[in-house]
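Quick notes on the structure that follows.
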Amino acid sequence: MCGVIGVVANSAANQFLYDGLMVLQHRGQDAAGIVTAEESRFHLHKGPGLARDVFRTRDMRSLLGDMGVAHVRYPTAGSASSSAESQPFYVNSPYGIVLGHNGNLTNTHELKESLFRTDLRHVNTNSDSEVLLNVLAHELQVRASGRQLSLDTIFGAVAGVHARCKGAYAVTAFIAGYGLLAFRDPYGIRPLVIGINDQVLPHEYIVASESVAIDALGFRLLRDVAPGEAVFIDYQRQLHSRMCSDKSVLNPCIFEYVYLARPDSVIDGVSVYSARLAMGVSLAEKIKREFAHLKIDVVIPIPDTSRPSALQLANHLNVPYREGFIKNRYIGRTFIMPGQALRKKSVRQKLNAIGEEFKGKNVLLVDDSIVRGTTSREIVQMARDAGAEKVYFASASPPVRFSNVYGIDMPTRNELIANGRTDAEIAREIGCDAMIYQDLDAMVNVVRAGNPEIPDFDTSCFDGRYITGDVTLEYLNYVEAVRNGETPSLAALSTQQLDLNLATNNG
Ligand SMILES: O=P(O)(O)OC[C@H]1O[C@H](OP(=O)(O)OP(=O)(O)O)[C@H](O)[C@@H]1O
Ligand SMILES: NC(=O)CC[C@H](N)C(=O)O
Ligand SMILES: [Mg+2]
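Numbering-wise (UniProt numbering), the sequence shown opens with residue 1 and increments by one.
Listed below in structure tokens is the structure:
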């Protein structure tokens, strides 16, 4: 899940955008990019790595202008290492547009073909975000009438994006000479919030993936961008908004509340921190009901994300809470690192056990989630090596049994530790003495308690129910084949794609 941010300020935007990326770094560690706009000139710098490594002083000095967009990347399409897929992307026509995207399109192939064959646009990377930008550019182009760019044209183009693109997208884009455009897919799967600084005139605005970016820059949280809505902030600092989809419904990704977002963020009216505390209570209630036979001496979190849930669980069970694992503050988030070898090595580098909290004790380890089992396998062994008598493992979220196709890198079911396994088999796989999972309905209820107006969540990685209603088994198999390095059968793709390949094969 990447992080996006856009700013329309009354002074240099480069520092706003950099500071915003620093508090969104947890959403993507593989690449970072900033584009600033100075009248109708863009200044772009992007590259692989953390924001603090990508931008040197001379790069920051080159980023001129009071407006712009920025992005931190965690790849779902394309390859992690290639800086060719770092964002924001740029197209020169119409007008000149840059774009940063959080999410994943589920019809990238078909779109790429129609862009190439019908819209005569060539996309040079494997990034779905570059495809998304070119769809937006084309939809603007066919509606535009010369240099006059009306709001109807802008919002009409976003409606065209909704009509063509499938999947999840939270976007900040900038149209050279006109202003900042931000929009969210009709299901609101990925978060997007608006902040304002109304202490100055004209007002300054931020649009970002999480409210923590608005807090950090000293702005005030105005509201979330609604599903299907687009907002446009022009050079006169006027904010315009319009609903650009006639079938929008708020179904945010529940994994944002489990793991992805920072606890100090508020997403669609739900405090991530409060949601995680409530997950801890709900899990404690399940332990009281179904695992009362376990003698638990101490509750230990797996830093960082699981700590609020673990603390509240311990309080609720009236069992001591201890920080038995110390996290190396210089190692990032392992789950979003590229490649299993790096993730496995990094878990060992990241966490270390304090023996006295384990020796001779029955410990209950609490994590927010178990996805590939990379963390839990290592952690259970560390606890045993530190002298634990019994090692019980609790997850504040249910078993992750299905691929995610909306912006979290969980493309193949066979890499998921819970795929095809019972809880007892998972316990054996990670080497613990008991495995306790959160129940899905309980988790949905405690998250929705933060905002009862939310009609439903995307819970697809837990239950295989893809909220957009258009994810097919063929697509899931296609994604797995591509991830496994195969060149999958084209039968699952559109006939147009087949024609193209026939032409290619015939030379
Ligand atoms: O079963 P796995 O595939 O290992 O994935 C789950 C683990 O990965 C994440 O931690 P991460 O180290 O990414 O970040 P954190 O420091 O925010 O907990 C998550 O919090 C779990 O601990
Ligand atoms: N995690 C994300 O949001 C990724 C954005 C986009 N799909 C990319 O691969 O760059
Ligand atoms: Mg973790």
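Where is the CB? At the ideal position from N, CA and C, for every residue including glycine.
According to DSSP, residues forming a beta bridge with residue i
i    : result
F335 : DSSP lists no partner for F335.
M435 : F393
I194 : V207 and R223
V231 : A182 and S241
H71  : V4 and G33
V98  : Y90 and F174
V169 : Residue 169 is actually Tyr in this sequence, not Val. Answer is G103.
N404 : M410
Q148 : S145
T47  : It should be noted that the sequence gives Gly, not Thr, for residue 47. DSSP lists A32 as partners of G47.
R41  : E38
F325 : A353
S271 : V266
D441 : Answer is none; D441 lacks a bridge partner.
L473 : In the DSSP output, where bridge partners are listed per residue, L473 has none listed.
C253 : D458
V200 : Answer is none; V200 lacks a bridge partner.
heavy atom of ligand 1 below 7 Å from residue i C-beta
i    : result
P398 : no
S306 : yes
R262 : no
P303 : yes
T334 : yes
Y259 : yes
R428 : no
S309 : no
R372 : yes
Residue i versus residue j - alpha carbon distance
i           : j    : result
Q15         : S82  : 26 Å
S11         : P488 : 50 Å
L416        : F457 : 21 Å
P186        : A159 : 10 Å
L136        : G228 : 14 Å
E474        : I408 : 19 Å
N107        : P301 : 39 Å
residue 513 : I426 : In the structure displayed, the chain extends from 1 to 507; residue 513 sits before or after that span and is not available.
N92         : I5   : 21 Å
G96         : D268 : 32 Å
A70         : A394 : 37 Å
N477        : D66  : 45 Å
V161        : L132 : 8 Å
Y259        : D368 : 7 Å
R384        : R276 : 27 Å
V391        : A261 : 28 Å
R348        : R147 : 56 Å
A314        : C432 : 19 Å
V299        : I370 : 17 Å
G3          : H293 : 43 Å
K295        : K288 : 11 Å
D264        : G20  : 14 Å
G360        : N404 : 40 Å
A226        : I206 : 15 Å
L250        : M1   : 18 Å
Contact set for residue i: own chain, Cβ-Cβ below 8 Å, skip 5 residues either direction
i    : result
E204 : V7, V8, A9, N10, I196, N197, F219 and R237
K286 : I436, Q438, D439 and A442
Beta-carbon proximity list for residue i, same chain, < 6 Å, skipping 5 on both sides
i    : result
K344 : T374
S494 : Interpretation of S494 is limited by its pLDDT of 44, a score under 50 that renders its predicted location unreliable; the figure taken from the coordinates is listed afterwards. So the qualifying residues of the chain are E110.
M243 : G228 and E229
H316 : V281 and A284
Q496 : Residue placement at Q496 is flagged as unreliable, the pLDDT there being 35, under the threshold of 50; the coordinate-derived value follows with that caveat. Cβ within range, chain order: E113.
T412 : E480 and R483
Heavy atom of ligand 2 within 7 Å of residue i beta-carbon
i    : result
H26  : no
S330 : The sequence shown places Tyr at residue 330, rather than the Ser named in the question. Result no, Cβ not under 7 Å from ligand 2.
G103 : yes
E87  : Sequence inspection shows Gln at residue 87; the Glu mentioned does not correspond to that position. At least one heavy atom of ligand 2 is nearer than 7 Å to the Cβ of Q87, so yes.
T125 : no
S129 : yes
Residue i Cβ short of 7 Å to ligand 3 heavy atom set
i    : result
D409 : no
T375 : yes
D368 : yes
is_contact[residue i, chain D] using C-beta, thresh 8 Å
i    : result
I426 : The chain inventory of the structure shown lacks chain D, comprising one protein chain alone.
Cβ shell of residue i (< 7 Å), same chain only, five flanking positions each side left out
i   : result
D30 : P48, R73, Y74, P75, A80 and P338
L63 : N14, I34, T36, H43 and H45
inquiry  = Does the contact criterion of 3 or more C-beta pairs under 8 Å hold for the stretch 395-412 versus the stretch 447-467?
reply    = yes
message = With three or more C-beta pairs closer than 8 Å as the rule, is the stretch 176-196 touching the stretch 115-125?
response = no
task = Count the C-beta pairs between the stretch 213-226 and the stretch 43-55 that are closer than 8 Å, then say yes if the count reaches three, no if not.
result = no
message = For the structure I just gave you, are there three or more beta carbon pairs, one from the stretch 171-183 and one from the stretch 35-47, closer than 8 Å?
response = yes
ask   = For the 8 Å Cβ check, are there 3 or more pairs between the stretch 314-330 and the stretch 338-355?
value = yes
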